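Taken in order, the sequence shown gives residues 10 to 304; the numbers are from my numbering.
Heads up, the beta-carbon is just placed ideally off N, CA and C, and yes, glycines get one too.
Source: prediction; values computed, not measured.
Working notes for the structure below.
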Amino acid sequence: MSRRASFTAKKAYEKAGVTAEPKTYDEFLAIQEKLKASGITPLTFGGKDIFHWGFWVNKFFMDNMFADDPHWNAKRTKGEVSFADEGPMRAMTDFTELFTKGYVDKGWASTADNQTASMLVTGKAAQLFSGPWMFAQISQADPNFEFGWYPVPDRQGRIVVNGLNNLQGWAISTDAGKDADKQAAMTAFVKFFFSKDQYTKYIQAVNGIPTTKEPIAYEASPQMKRVLEVMSDPNTIKSMQINAFWGEDQMPTQWRNWFYKLAQEWLVKGKFSAEYMKKADAEWDANVKANAAAK
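What follows is the structure, encoded as structure tokens:
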């Protein structure tokens with residue numbers, strides 16, 4: 010599970026007069042205006058790496074589509090919904106406005122994901138939208154850097170996070186499974202990996218949430234404690250990224266990176282419209298057809 014949210018430079022927030030987490034998305038936008046007015050770039054964005062696009066894109070997709078309809082993908086495949094519908098259009102309009110309103114650093118296209126932490130700690134940007142695996146990277150970049158973490162609410166004030174279980178896990182190939190020695194080695198490794206001492210070290214290193222039935226406890230940072238607080242809140246809505254669903258809800262595998270590149274295209278041109286989302290429908294349908302023909 011990847012709980013992506015806003016990492017905040019405390020000094021930048023203090024300088025801008027921001028004293029509390031936003032309760033709504035409009036309040037989040039108001040914070041961006043305050044940061045911008047204080048003379049700092051509000052957000053860094055690792056646009057050079059294609060996977061980084063999924064952080065914000067999926068935040069808005071979950072807020073506007075999947076939180077209310079986890080079967081949206083299946084309906085898209087059946088032609089019952091469209092990316093040009095109100096929800097997806099609102100999602101990508103909000104995404105686009107982060108750039109067009111000047112909240113995102115202008116060098117986003119040449120910024121790699123692994124550069125975003127340094128931009129935060131060196132004061133080149135006030136915020137980073139990413140997951141808790143970045144806690145250690147930020148602390149390593151500057152052990153004295155003070156930062157916070159909070160989930161960005163949607164327009165209704167709801168907290169929607171990427172937190173449902175998905176199909177990720179350990180796997181062994183069919184050929185390896187026929188080899189008794191390899192199967193035994195894999196079994197031994199999995200047992201070792203999930204043994205309490207080893208798994209505790211791993212979970213602490215990646216700032217993760219255990220998936221085992223046996224309770225795993227470790228000394229968490231203040232930021233990670235906030236993550237755990239949000240994840241255990243019964244009001245938190247847990248969803249998944251568009252590419253994480255399976256079965257009838259599975260996205261055509263080719264579609265994701267194609268769409269991220271499409272988003273980059275409209276941002277470079279500086280104009281977003283329903284025509285782009287109609288292209289997204291057409292590409293989805295073409296991918297579904299091609300995948301069916303290949304079976």
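Taking its Cβ as the centre, do 16 or more other Cβ atoms sit within 10 Å of residue i, making it buried, or is it exposed?
i      : result
Pro231 : exposed
Ser204 : exposed
Ala76  : buried
Val277 : exposed
Gln192 : exposed
Gly217 : buried
Thr105 : buried
Phe202 : exposed
Val161 : buried
Lys68  : buried
Trp179 : exposed
Asn82  : buried
Phe54  : buried
Phe198 : exposed
Ala118 : exposed
Pro243 : exposed
Val215 : exposed
If you follow the alpha helix (DSSP H) that residue i is in, where does it begin and where does it stop?
i      : result
Gln318 : What is shown of the chain runs 10 to 304, which leaves residue 318 out entirely.
Asn300 : 283-303
Gln177 : Looking at the DSSP string, Gln177 is not in any alpha helix (DSSP H), and its letter there is neither H nor E.
Lys87  : Where Lys87 is concerned, there is no enclosing alpha helix (DSSP H), given that its DSSP letter is neither H nor E.
Phe104 : 95-109
Val113 : It is not in any alpha helix (DSSP H) - Val113 carries neither H nor E in the DSSP assignment.
Ala193 : 189-202
Quick check: the Cα distance between residue i and residue j, rounded to an integer number of angstroms?
i      : j      : result
Leu52  : Glu89  : 36 angstroms
Lys87  : Leu173 : 24 angstroms
Gln177 : Tyr208 : 17 angstroms
Trp267 : Ile246 : 28 angstroms
Thr17  : Trp65  : 16 angstroms
Lys288 : Gln165 : 29 angstroms
Thr183 : Gln124 : 39 angstroms
Ser11  : Thr220 : Below a pLDDT of 50, predicted positions are generally treated as unreliable, and Ser11, at 47, falls in that range; no measurement from the model is reported.
Ile147 : Met260 : 33 angstroms
Met143 : Leu237 : 15 angstroms
Ala291 : Ala93  : 11 angstroms
Lys270 : Asp151 : 33 angstroms
Tyr211 : Ala145 : 13 angstroms
Gly48  : Trp158 : 21 angstroms
The beta strand (DSSP E) that contains residue i, what's its start and end?
i      : result
Val170 : 169-171
Between residue i and residue j, which are expected to be in contact by the criterion C-beta below 8 angstroms, what is the C-beta distance as a whole number of angstroms?
i      : j      : result
Met101 : Met286 : 7 angstroms
Gly279 : Thr50  : About 18 angstroms; that fails the 8 angstroms criterion.
Trp255 : Trp293 : Actually they do not touch by this definition, with Cβ atoms about 16 angstroms apart.
Start-end ranges of the beta strand (DSSP E) lying completely within the segment 13-84, minimum 3 residues: Entirely contained in the segment 13-84, the beta strand (DSSP E) runs reaching 3 residues are, in chain order, 14-18.
Complete beta strand (DSSP E) runs within the segment 206-269 (minimum length 3 residues, chain order): Qualifying beta strand (DSSP E) stretches, in chain order: 246-248.
4 or more residues per run - each alpha helix (DSSP H) lying fully within the segment 120-165: DSSP runs (the alpha helix (DSSP H)) wholly in the segment 120-165: 125-130, 143-150.
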